[in-house]
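Worksheet: one structure, shown below.
Residue numbers (this note's numbering): -16 to 150.
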């Protein structure tokens, strides 16, 4: 009986991991769209700083953190970067931005946290993309303070407020 319960729990857990991420473009949407790309700053073969959209209007979306973690599974300490670009409708939206180091193995992130070298920032910004616009999530992770924001991919102009975390 206990074995069946454990197998049932494992089955539900595996199915939950297969959930389809939120698609920000409604099924019948015919209006203009824009692209928002996450970004990565490689530091070593097993460590990179990731700047990503993790939610749109309060709903979790596919992002570089999950894509890179999945791509890196079974590779030891090696980090395989998988940068995500998503299409979004050209309408006002609230984006949750997140920035922190991503490592090939979780033990590396724990070691960074213990050493006090794991810097992160997360927060919500309002954003109105233009049709056919191309945007990128950028930021900086530093001991003095970390920030994340959206900028125009062509001009480099910062288009949202900077979400900032100070020590």
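All residues carry an ideal CB built from backbone N, CA and C; glycine is no exception.
Check	Outcome
Mind checking which residues open and close the alpha helix (DSSP H) that includes residue 90?	89 to 98
Buried or exposed: where does residue 15 fall if 16 or more other Cβ atoms within 10 Å of its Cβ makes it buried?	exposed
Would you grab the beta carbon distance between residue 148 and residue 116 for me? Rounded to a whole angstrom, and I think it's under 8 angstroms.	That pair is no contact at about 27 angstroms.
Measure the C-alpha to C-alpha separation of residue 30 and residue 125 and round it to an integer number of angstroms.	15 angstroms
Are the beta-carbon atoms of residue 112 and residue 73 separated by less than 7 angstroms?	yes
Nearest-angstrom Cα distance between residue 135 and residue 20?	10 angstroms
With DSSP as the reference, label residue 102 as helix, strand or coil.	coil
Quick one: what's got a C-beta closer than 6 angstroms to residue 60's C-beta in the same chain, skipping five residues either side?	29, 87, 88
Let me check one thing: in DSSP terms, what residues is residue 83 bridge-paired to?	33
Mark residue 79 as exposed unless 16 or more other C-beta atoms lie within 10 angstroms of its C-beta, in which case mark it buried.	buried
Return the CA-CA distance between residue 5 and residue 69, expressed in angstroms with no decimal places.	11 angstroms
To which residues does DSSP link residue 42 through a beta bridge?	39
Alpha carbons only, please: which of 27, 81, 55, 12 is nearest the one belonging to residue 133?	81
Look at the alpha carbon of residue 146 and the alpha carbon of residue 13, and state the distance between them as a whole number of angstroms.	32 angstroms
What's the call for residue 162, buried or exposed, on a 16-neighbour Cβ count within 10 Å?	Lying outside -16 to 150, the shown extent of the chain, residue 162 is not represented and no answer is given.
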